[in-house]
Amino acid sequence: MHILSVADDMVPAARGDEASTLMAGKIMASLFFEPSTRTRLSFAAAMNRLGGRVIGFARPGGTSLQKGETLADTIRTVESYCDLIAMRHPQEGSARMAAEFAEVPVINGGDGAGHHPTQCLLDLFTIQKERGDIGDNKVALIGDLKYGRTVHSLAYALALFKADLTFIAPEQLQMPHEVVEECQEHGASISFETDLDAAIEDVDVMYVTRIQKERFPDPEEYKKVAGIYTIDTDLLRHAKSEAIVMHPLPRVYEISAEVDDTSAAAYFRQAFNGVPVRMALISLVAGVIS
Amino acid sequence: MQPIKNGTVIDHITPGCALKVLKILRIPGDADGGSIISVVMHVKGDSGKKDIVKIENRELKAHEVDKIALIAPNATINIIRDYEVRDKHRVSVPDDIVGIVECANPSCISNASNEPIQPRFSVKSRDPLRIKCFYCEREIEDISAGII
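If you read the protein sequences in the order shown, they are chains A and B.
Under the numbering used here, think of the first position of the first sequence as 1, with each following residue one higher.
Under the numbering used here, think of the first position of the second sequence as 1001, with each following residue one higher.
Below, the structure is given as structure tokens:
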């Protein structure tokens, strides 16, 4: 909760309404071994808004990794050029391993199908800003719950707040059992659905995810489920009037463009929230604020 | 099976697991100094069948042997001196399991062939035994199949 509170204080600087020099003279290495738009750019925006500088790469091409260097050696080298590292890597547990080898702080910007903790924090921040509270909500996680790392991290976090969770997904993309078990161990109330229309009417937060083509080994399996759930204004008529729609973006078929102009559409505000949340994290892990 | 004069007897091993126990303990290996190692499998005991391993002239330390609890949770370690049992204890799974079991998740960084790390697990529950990868945090379903 402290991170969210610091993030709230960062909003004016994140918007550019105030200037911050908290990270002046500091360098963040941004190591993105997988494609990213929002995470990478919002990390860079956050560091720049704090008065710091950013070095790094947006894809592994042209780096020593292509010459066969280990991730461990890359981290040991890069850490001598910077004050903290933000990284995304396709292998699960890669950020944890990097943190073992680095003396400087490492922030996980997504590790394969594993976790995406900064997305999780900005999701919590968005729910709090939009709804005034986190735990006292019925939250539906919708779409690819098997391969979607953002929903794994978010489910764990919402379970800690004792939120009421509904997992809406086709059978083959339902939430992995270890995530479900751990959420239940933390006291979350969980229900499962395959039918979006049937589950939507008493939901406060609809958290929609893209069914990610790149996570499917078999393209035929992807075709069977792509576009299975779409949020449109017809569907929203059956939802609570104050319900919100969130999405980690990018979206493809999951939310119709017509939803963008409704008060329920929180996903672009959610994307902005990545900046103050990452500003808070950077400042806290760098020790420039406590 | 004859009694040994000095060494270690690992008793009450889950039937059929004696060879995996030796594999976990890296026996035979350099540390044995050519010790005689006896293995019997599917011996009838008081509470059903079991395997037994005897290692002559080498006393295994508790921290060396506890890791076999991953596949033989009821095993007992007997230290023998001059044909007498001088120390006896039941194995227990260590909190940190390093370099014994590999992660079943092919996308886990611990399975990257060139990274200088060993697979590492923490204990999630002791009864039933459930262990979780330190790196990717996935639980391993078949521990026995993951023994390196």
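Note that beta-carbon positions come from the ideal geometry of N, C-alpha and C, so glycine has one too.
| Asked | Found |
| --- | --- |
| Between the region 86-99 of chain A and chain B, which residues of the former have a C-beta closer than 7 Å to a C-beta of the latter? | Q91, E92, G93, S94, R96 and M97 |
| Just to confirm my understanding: we take A155/A, look at its own chain, exclude 5 residues before and 5 after, and list those with CB closer than 7 Å. What are they? | L141, L165, M175, V179 and C183 |
| Keeping to the same chain, check which residues put their C-beta closer than 7 Å to that of A264/A; ignore five residues upstream and five downstream. | L236, A243, I244 and V245 |
| Determine the direct distance from the alpha carbon of R278/A to that of S42/A, and round the result to whole angstroms. | 7 Å |
| Reducing DSSP to helix, strand and coil, say where D970/B ends up. | Nothing can be reported for residue 970/B, as the shown portion of chain B is limited to 1001 through 1148. |
| Pick helix, strand or coil for D1087/B, following the three-state DSSP scheme. | strand |
| Can R149/A and A99/A be called in contact, C-beta distance under 8 Å? | no |
| Where V1021/B and K1088/B are concerned, what is the direct C-alpha to C-alpha distance, given to the nearest angstrom? | 18 Å |
| Quick one: what does DSSP say R15/A is sitting in, helix, strand or coil? | helix |
| Below 9 Å on C-beta distance, what does E178/A contact in chain B? | K1132, E1137, R1138 and E1139 |
| First and last residue of the alpha helix (DSSP H) that includes E185/A? | H177 to E185 |
| Is the Cβ-Cβ distance between M1041/B and A1018/B less than 8 Å? | yes |
| Let me know the alpha helix (DSSP H) ranges lying completely inside the region 132-182 of chain A, each 4 residues or longer, listed in chain order. | 149-160 |
| Do the region 271-285 of chain A and the region 15-33 of chain A make contact, defined as three or more Cβ pairs closer than 8 Å? | yes |
| Could you please give me the residues that DSSP links to M28/A through a beta bridge? | V54/A and L84/A |
| Would DSSP call R1026/B helix, strand or coil? | coil |
| If I follow the unbroken alpha helix (DSSP H) through M97/A, where does it start and stop? | S94 to F101 |
| Can you tell me which of Y229/A, K240/A, F161/A and I75/A puts its alpha carbon nearest to the alpha carbon of F33/A? | I75/A |
| Apply the 10 Å Cβ neighbour rule to P1119/B and answer buried if 16 or more other Cβ atoms are within range, or exposed otherwise. | buried |
| Does the ligand SAM have even one heavy atom less than 7 Å from the beta-carbon of S1038/B? | As presented, the structure is devoid of all ligands, the ligand SAM included, so that no description of it is given. |
| Just to make sure I have the definition right: I need the residues of chain B whose C-beta is within less than 7 Å of the C-beta of T365/A. Which are they? | Coverage of chain A is limited to positions 1 through 290, which leaves residue 365/A absent and any answer about it impossible. |
| Using a C-beta cutoff of 8 Å, does A155/A count as contacting chain B? | no |
| Could you check where the beta strand (DSSP E) with M246/A kicks off and where it finishes? | I244 to M246 |
| Secondary structure at A265/A, three-state DSSP: helix, strand or coil? | strand |
| Does the distance from the CB of I1077/B to the CB of V1093/B come in under 8 Å? | no |
| Could you tell me if E1137/B is buried or exposed, where buried requires 16 or more neighbouring beta carbons within 10 angstroms of its beta carbon? | buried |
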